[in-house]
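> Chains as they are written, first to last, in UniProt numbering: chain F, 1 to 543; chain V, 1 to 543.
(1) In three-state DSSP terms, what is residue 190 (chain V)?
(2) 8 Å is my cut-off, CB to CB: does residue 458 (chain F) come that close to chain V?
(3) Span of the alpha helix (DSSP H) holding residue 293 (chain V)?
(4) Could you tell me whether the Cβ of residue 498 (chain V) comes closer than 8 Å to any Cβ of chain F?
(5) Can you grab the Cα-Cα spacing for the pair residue 166 (chain F) / residue 264 (chain F), in whole Å?
(6) Excluding the 5 residues flanking residue 426 (chain V) on each side, which residues of the same chain have their C-beta closer than 6 Å to its C-beta?
(7) Starting from the C-beta of residue 132 (chain F), find all residues in its chain whose C-beta is less than 6 Å away, skip the five residues before and the five after it, and write them out in chain order.
(8) Roughly how many angstroms separate the alpha carbons of residue 497 (chain V) and residue 459 (chain V), rounded to a whole number?
(9) Here's the rule I'm using: 16 or more other beta-carbon atoms within 10 Å means buried, otherwise exposed. How should residue 532 (chain F) be labelled?
(10) Distance cutoff 8 Å, beta carbons only. Does residue 523 (chain F) sit that close to anything in chain V?
(11) Whose Cβ in chain B lies nearer than 9 Å to the Cβ of residue 472 (chain V)?
(12) Run down chain F in chain order and give the residues with a C-beta less than 7 Å from the C-beta of residue 297 (chain V).
(13) Please state whether DSSP places residue 299 (chain F) in a helix, a strand or coil.
(14) Check the Cβ of residue 163 (chain F) against every Cβ in chain V and list those closer than 8 Å, keeping chain order.
(15) Excluding sequence positions up to five away, which residues of its chain have a Cβ less than 7 Å from the Cβ of residue 519 (chain F)?
(16) Helix, strand or coil for residue 149 (chain F)? Go by DSSP, reduced to three states.
(17) Assuming contact is defined by CB atoms lying nearer than 8 Å, are residue 473 (chain V) and residue 429 (chain V) in contact in what I supplied?
(18) Under a three-way DSSP split, which group does residue 543 (chain V) fall into?
(19) Kindly say whether residue 507 (chain F), judged by its beta-carbon, lies nearer than 8 Å to any beta-carbon of chain V.
(20) Hey, residue 480 (chain V) and residue 294 (chain V) are a contact pair by Cβ (cut 8 Å); roughly how many whole angstroms apart?
(21) Return the CA-CA distance between residue 305 (chain V) and residue 339 (chain V), expressed in angstroms with no decimal places.
(22) Taking the Cβ atom as the reference point for each residue, do residue 240 (chain V) and residue 222 (chain V) lie within a distance shorter than 8 Å?
(23) If we define contact as Cβ-Cβ less than 8 Å, is residue 238 (chain V) a contact residue for chain F?
(24) Using a C-beta cutoff of 8 Å, does residue 216 (chain F) count as contacting chain V?
(25) May I ask you to list the residues that DSSP assigns as paired with residue 202 (chain V)?
(26) According to a CB-to-CB cut-off of less than 9 Å, which residues of the stretch 192-207 of chain F neighbour chain V?
(27) Relative to chain V, which residues along the stretch 158-189 of chain F have a C-beta separation below 8 Å, given in chain order?
(28) Is the beta carbon of residue 342 (chain F) sitting closer than 8 Å to the one on residue 317 (chain F)?
(29) Exposed or buried, which one is residue 525 (chain V) when buried takes at least 16 other CB atoms within 10 Å?
(30) Does the beta-carbon of residue 157 (chain V) have 16 or more other beta-carbons within 10 angstroms, so that it is buried, or is it exposed?
(31) Should the stretch 346-361 of chain F be called in touch with the stretch 391-410 of chain F, which here means at least 3 C-beta pairs below 8 Å?
(32) Between residue 357 (chain V) and chain F, is there a C-beta pair that is closer than 8 Å?
(33) What number of angstroms, rounded off, separates the C-alpha of residue 324 (chain V) from the C-alpha of residue 413 (chain V)?
(34) Considering just the uninterrupted stretch of the alpha helix (DSSP H) at residue 335 (chain V), what are its terminal residues?
(35) Can you name the start and end residues of the alpha helix (DSSP H) that residue 354 (chain V) belongs to?
(36) Please return the same chain residues whose Cβ sits closer than 7 Å to the Cβ of residue 35 (chain F), not counting the five positions on each side in sequence.
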C-alpha cells in the first residue's frame, strides 16, 4: 500500500497495495485530467468528521520517502554551473579549467520561457560602447575615490548639429544598456517597444543614450570588476565602495562631457531610473531641460527598503556568497534565485496573478519519463491522480520559480546588493542632501520668482511630515518641466510616493509638473509593458 | 589610509592614513551624533560632477576587508544551537550529548525584544491539556490515514451545565494553544487582551477552547512528532502527509466530542483561524451557531500563495533543512530567520513603518567595545562617523532582522511548511469542495427558504468570476450568523477578500452577515493589536 503522496519508493511497493487503496487510485485516475487536486475519496457518500475514522484498516505501513524536485534543482544547477562560466564574470577571473568551455554561457541552461505573459526580454548586452574615465572619481560615502571607471553605453538615433536633442535614459536595478535593438546587437532590448523611429521616444527626432549603471555588471565598473589595487588582479568583490544614486548619475555626466553634450533635451527613467532622473536634475539643473520620472521616488520608503532587505538577506545567507568573494568559485545562484522570487512578487500585483493564474495548477503530463526510465511521480501517483506537493504546484509558484531560475545566473549578486543598497539610501529631503559631499550646481540666473497661486496637494490624506523638507530638497528642479507618472497597483513604489514627488515639486515652485496615475493590474512592471498609456504620456510630454 | 567603510583591518592600518583622509575623519567625527549618514565631505563648498575628480590624489591603496555581522550571526547561532535543544524538539529525538544541557532552550539566547512597538507575545506553551485520538484519522489528500494524533488545548472560563457557552478559538499559522494566561501558565498569551472576564471574549460568560492545530509543534501531532511506523522511533519529518484546513478542524471536532460539546456558541478565528472558522461552519453547520472570521479568506489568492511560497522556498533551500530530516541535527535556523523576515513584511504595512521607523538609522554608540577589546567598527569609523553598511542599518532592517532572529528557533520548520501549504490549498468554491473526501454534514431541516431581497455586492469593482462558485460552496453556512472583518492596510489577506466572503455568504442566502472594514496602519496583524476596534466588533457580535 502507499500514500497518494508517494515517490519512487511508492511505485516499487505498489504490488503490496491493499484493495481500498487500489480502489482509490482507480477512482483518482478517472479524474486525472481535472485541473484540481484529487482527494483520497474512499467514500464519496455523505460522511463527516465523526464517522470517517471507522472506515479504515488498523495496520499502518511506513510512509514513502518524499521527493523535492525544487530542492534538487539547486544542486543540479550547481553541477551545471561548474562547467560553464556565468556571463557576467570577466574571463580573466575564471580559473583556467573553467575558462576552456566559455563558448557557452549558463544562461543557455535556463528553462525555456513560458509563452504566455508580458515578461520583458532579458538578454546579455553585446556591442555596447565603453566610456573609460581614467581619473579618480570621488564617491558619496567613501574617503577612497574609485581610481577609474568604465561606463558601458548604447545610443539610438542621431545627435543633431547643435547637440540639442539628446535624451539620457536611466535604467532600473538590473537592466543593461541594451534598452532597444541596435545594428550591433539585434536582440530585443528591455524597452524595445518604447524606443525607435515613430515610437514614444522617437529616434527620428531624438538621440537616446542608455548606460549600464556604475556598480552594474554589464560592462560598467562594479564589484565584479578588476580592483587595480589588488596585487593578484582580483575583482573588487565587497571591497567595492557603497555607491549612491548620485554617484551613478555623476558618472553619466562624465560620459555626456565626453560626448560633448552640454544640455539634455530630457532625462528619462523608470523605477530606479526615476530616482536617477530626479538626481540628474538636482545635480545639474542647468543641463537638464526636461525630467521624466516613472514609478520612481524622491525618498525611498521603509516599505521598499524592507522588500530589498529581504532580497539581500537571502542572497548574503547563501554560503556561496562567501562575503562577496565568490568570483573564483560558484556564484550564489541559489540565493539569487530566491532573491529574484521575492523581487518578482514586488514587481507585479495580486490582481494580475488572479487574472493570469488564479488557482490553476501546473500541467503535469499523465505519462512522463525521467532519465532513468521510471515514471516521473512528482505531483501524480502512478495511476495519474493529481496530489498536492510541497514544491511548486500552483501556476503562481511555477511562475515565481521560473522567474528566479531564469535570472539567477544572468546578473552578478554583488551588483544586485550594491545597487539595491544605493536605492535604499536615496533621499532627496533637504536634510539628507546636506550630507552629500557635492551640492546642486546652481543656475546662472539664481533668484527664482514664485508666481501664480499655491497648488493644492494631490494626496487626499494629510501630507507626510517630511514633505516640506522634500520640497526644499527638490528646489533646484523648480524650473525644469517634469513628468511624474505612477501606477495604482504598484506595491514597491506606491502611487502615494508619486503624488509626493509631484506635490514636493509644486511646493518648490515648479509650475510645469505633469502628473498621471494609471490603473491596471501590472504593478511596478507597468512601465515595461503598457506602451499605450506609459508610452503615450512620454510622447505627449517630450513633444 | 583607509576607507570610511573600514573594519578591523582598517583600524590596524590607520597609522598610514594620508593627511586628506585624516581631515575627512576629523570632520566626520564632529558630526558623529547626527542620525544620518555622514559623507566623505573633503570639500563642502559648491562643487559638481565635473570638478570633483581633480581634488584627489592618484595613489590608490588597497581597500580594507569588509565586515558582515549579519552573516556572522548565522554561524554564531549555529554554534550556540549545538549546545541547547530547540524547544519544539521532543527530548526523545535529541542525541544524548545534546540532551544533557536541555535545561535551557535556545529561545533564551535570542536578542532582547526592543521596547517600542506593538509586537504580540510569543511564548512556549506549557501546562496545556492533551486530547489523544487513538484511532486512524482520514485525511484530505492521503490514502494513508494518520494512525493516531494528539491535540494540545487550553481552556478559559467555565462550561455551563447545558454546555451551550463554548467558543472554539482558531489560531493563525504559528500560534500555540496559549491564547491567554492560565492558572497553569501565567505567561501572556497571543490574544491576552481579548480573552478574560469582562474582555471582548468574556470568560465570565463563555467557555473558550483553543488548540494547537494538527500539524503544529506545540503539543499537537505534526511533522516533528514520533512516526509510529518508524522502526527507530524517528519523527515523521516530511513523510508527514499534506494536511488541509478541513483536516485541522475535523481533528478539533473530535476534541469537542471528547469534551461532550455538541454545539458551539461560536467558532472564532483570525488569519488562518478565519479559514478554520468558516471550515467549521461548513463541516458541521448544525454544531456551529455563530462564526467570526477576521482577516481570513474563503479562497487563498495567488498573491498570498506567492508570499508563502517565497517563505517556503528560502526555508527549503537551507542545507540544514535536509529535505525535512533535520531532527537529529541542526534545524534550519537561517532559513527560518529569512522566512520570518519575509513573513513579517506581509504582516504589517509600509504606512506603519513610515510612522514607526521612517528612514531612521539604528543607534550605534560612539564607543562600543567588542569582546577582544577592539572598538566595534561596524557602522562607524574609529572616529565615530556613521557610514552605510550592507548589513542592517535602517531601523526597518534591524526590526525585520530582530523579528527573524527571535522566531527562528521557536517554531518547527516543517510545521511552518505544512501549515503554510494547507493555507494555500484552502478553497471553498463549490468546485474545490467537491474534491474533498468528506462533505458538509447537512442540517436536519434541509430546505432553505431564501427570503428578502437580493443584497448588492460590497465590492465597488465587478465581482470575481469565481464568486458564484464561492457562494455555492458557502451555502451550508447560510443560516449561521457570521461576522466578517477586514483591514484596509492588510496586504496578505486584502480587504477585497473579506468583502468577497461577506458577498458570497449573502449570495448564498445568509441574511445575518455583519461586515466591518477597519482602517489603521497595522496591516494583517491588526487582529493582534487593535483591541478597541477588533475586540469591540467581536463583543458586539457575540452578545
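We put the beta carbon where it would ideally sit given N, CA and C, even for glycine.
So, from the listed chains and residues:
(1) As a first step, residue 190 (chain V) must be located in the second chain, where it is residue number 190. Assigned with DSSP and collapsed to three states, residue 190 (chain V) falls in coil, not helix or strand.
(2) The residue you call residue 458 (chain F) lines up with position 458 of the first chain. No, because no Cβ of chain V sits closer than 8 Å to the Cβ of residue 458 (chain F).
(3) One-based indexing of the second chain puts residue 293 (chain V) at position 293. Counting along the chain, residue 293 (chain V) falls outside any alpha helix (DSSP H), though it belongs to the beta strand (DSSP E) covering 291-294.
(4) Start at 1 with the first residue of the second chain, and residue 498 (chain V) comes out as number 498. It does not: the Cβ of residue 498 (chain V) has no partner Cβ on chain F nearer than 8 Å.
(5) Mapped onto the first chain, residue 166 (chain F) falls at position 166. Mapped onto the first chain, residue 264 (chain F) falls at position 264. Computed Cα separation, rounded: 5 Å.
(6) For this step, residue 426 (chain V) is matched to residue 426 along the second chain. Closer than 6 Å at Cβ, skipping near neighbours: 245, 275, 300.
(7) Within the first chain, the letter at position 132 stands for residue 132 (chain F). Hits under 6 Å: 150.
(8) Residue 497 (chain V) sits at position 497 when you count from the first residue of the second chain. Residue 459 (chain V) sits at position 459 when you count from the first residue of the second chain. Rounded to the nearest angstrom, the two C-alpha atoms are 10 Å apart.
(9) Along the first chain, one-based indexing puts residue 532 (chain F) at 532. That one is exposed.
(10) Sequence index remark: in the first chain, residue 523 (chain F) carries index 523 (1-based). Output row for residue 523 (chain F): interface = no.
(11) The structure shown has no chain B; the protein chains it does contain are F and V.
(12) Residue mapping note: residue 297 (chain V) aligns to position 297 of the second chain, counting from 1. Correct list: empty, because the minimum Cβ distance to chain F is about 12 Å.
(13) Locating residue 299 (chain F) in the first chain gives position 299, counting from the first residue. Three-state DSSP puts residue 299 (chain F) in a strand.
(14) Numbered from 1 along the first chain, position 163 holds the residue referred to as residue 163 (chain F). Those do not exist, as residue 163 (chain F) stays about 17 Å from chain V at its closest Cβ, beyond 8 Å.
(15) In the first chain, counting from the first residue as 1, residue 519 (chain F) sits at position 519. These residues qualify, in order along the chain: 488.
(16) Against the first chain, residue 149 (chain F) aligns to sequence position 149. Residue state for residue 149 (chain F) is assigned as strand, using DSSP reduced to three classes.
(17) Locating residue 473 (chain V) in the second chain gives position 473, counting from the first residue. Locating residue 429 (chain V) in the second chain gives position 429, counting from the first residue. Result yes, Cβ atoms of residue 473 (chain V) and residue 429 (chain V) sit closer than 8 Å.
(18) Residue 543 (chain V) sits at position 543 when you count from the first residue of the second chain. Correct three-state label for residue 543 (chain V): coil.
(19) Within the first chain, residue 507 (chain F) is the residue found at index 507, counting from 1. So, not an interface residue.
(20) Position 480 of the second chain, counted from the first residue, corresponds to residue 480 (chain V). Position 294 of the second chain, counted from the first residue, corresponds to residue 294 (chain V). Between residue 480 (chain V) and residue 294 (chain V) a beta carbon distance of about 16 Å is seen, past the 8 Å cut, so the two are scored as non-contacting.
(21) Here residue 305 (chain V) corresponds to residue number 305 of the second chain, with the count starting at 1. Here residue 339 (chain V) corresponds to residue number 339 of the second chain, with the count starting at 1. Roughly 14 Å separates the two Cα atoms.
(22) On the second chain, residue 240 (chain V) is found 240 positions in, with the first residue counted as 1. On the second chain, residue 222 (chain V) is found 222 positions in, with the first residue counted as 1. It is a contact, given that the beta carbons lie within the stated cut-off.
(23) Your numbering for residue 238 (chain V) matches position 238 in the second chain. So, interface residue.
(24) Reading the first chain from its first residue, position 216 is the one you call residue 216 (chain F). Residue 216 (chain F) does not count as touching chain V.
(25) By 1-based counting over the second chain, the position of residue 202 (chain V) is 202. V:196, per the DSSP bridge assignment.
(26) none
(27) none
(28) By 1-based counting over the first chain, the position of residue 342 (chain F) is 342. By 1-based counting over the first chain, the position of residue 317 (chain F) is 317. No.
(29) The sequence position of residue 525 (chain V) within the second chain is 525, counting from 1. Label assigned to residue 525 (chain V): buried.
(30) As a working note, residue 157 (chain V) is residue 157 in the second chain. Buried is the call here.
(31) yes
(32) Counting from 1 along the second chain, the entry for residue 357 (chain V) is found at position 357. Yes, residue 357 (chain V) counts as interfacial toward chain F.
(33) On the second chain, position 324 is the one that residue 324 (chain V) refers to. On the second chain, position 413 is the one that residue 413 (chain V) refers to. One C-alpha to the other measures close to 8 Å.
(34) As a first step, residue 335 (chain V) is located in the second chain; it is residue number 335 there, counting from the start. Taken as a continuous stretch (DSSP letters only), the alpha helix (DSSP H) holding residue 335 (chain V) covers 333-347.
(35) Counting from one through the second chain, the residue named residue 354 (chain V) turns up at place 354. Residues 350-356.
(36) Taking the first residue of the first chain as position 1, residue 35 (chain F) is located at position 35. Reliability of the predicted coordinates at residue 35 (chain F) is poor, the pLDDT of 46 falling under 50, and the value obtained from them is presented with this limitation in mind. Here the set comprises 360, 361.
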